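Structure record follows, encoded as structure tokens.
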Amino acid sequence: MEIVSQIKEWTEAFLPQELFLVDIETKIGSDKICILIDGDQGVDIPACQKLSRHLSDKLDEQNYGEEPYYLEVSSPGADRPLLKFRQYPKHVGRELLVKLLAETEVTGKLVAATEDAITIALKDKKKGYINAPEQTISFAEIVEASVILSFK
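In terms of the working numbering, the sequence shown opens at residue 5 and continues consecutively.
Written out as structure tokens, the structure reads:
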């Protein structure tokens, strides 16, 4: 079994229900394997450490590869796009930049997230979000969505 699919299987079996796998990143020619996890209420360092130890032990047991590897377990971080539906609900009330299949972008405040779509309030240049019109966007239309960080 390929190492990435094996790590995915082990991760999903190990994580408690409130945590979930977001992505596994590897690069051809690199010895680094980056596992990104998140939680419905966020994820803390001890949870990343536990998973890292668990996966390291599993990889050692299976004797994966001739070459050494560097295993990193982390949360996705605020600068990464949202990849899974479960990442959206905790960002309700925050501004998102949403890139669409139609090669357009929409910026607005996340109002709601269902398993099929998100609803965002569109900001008016003068009124801001007061009485803002809302737009529902299906996940099928979204190429990428990112939280807009505010340092106000």
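Virtual Cβ for every residue (Gly too), placed ideally from N, Cα, C.
Computed from a predicted model, the values in this text were never measured in an experiment.
Exercise for the section: Quick one: measure Cβ to Cβ for Ile124 and Gly112, integer angstroms, because I've assumed they're closer than 8 Å. Expected result: 3 Å
Exercise for the section: Consult DSSP for Ile146 and reduce its assignment to one of helix, strand or coil. Expected result: strand
Problem - One or two residues paired with Ile28 in a DSSP bridge - result: Ile39
Practice task
Pick helix, strand or coil for Ile3, following the three-state DSSP scheme.
Solution key: Only positions 5 to 156 of the chain appear in the structure, and residue 3 is not among them; the question remains open.
Exercise for the section: Leaving aside the five residues before and after Glu107 along the sequence, list all residues of the same chain whose C-beta is less than 7 Å from its C-beta, in chain order. Expected result: none
Practice task
Give the range of the alpha helix (DSSP H) segment to which Glu13 is assigned.
Solution key: Ile7 to Phe18
Problem - Distance between beta carbons of Phe143 and Asp120, contact taken as under 8 Å - result: 6 Å
Exercise for the section: Identify which residue in Asn67, Val110, Thr15 and His95 has its Cα closest to the Cα of Leu101. Expected result: Val110
Exercise for the section: Would you grab the beta carbon distance between Asp27 and Leu87 for me? Rounded to a whole angstrom, and I think it's under 8 Å. Expected result: 6 Å
Exercise for the section: Consult DSSP for Ser78 and reduce its assignment to one of helix, strand or coil. Expected result: strand
Problem - Alpha carbon of Ile7 to alpha carbon of Val47, nearest angstrom - result: 24 Å
Problem - Nonlocal neighbours in the same chain, by C-beta distance under 6 Å from His95, ignoring five residues either side - result: Leu114 and Val151
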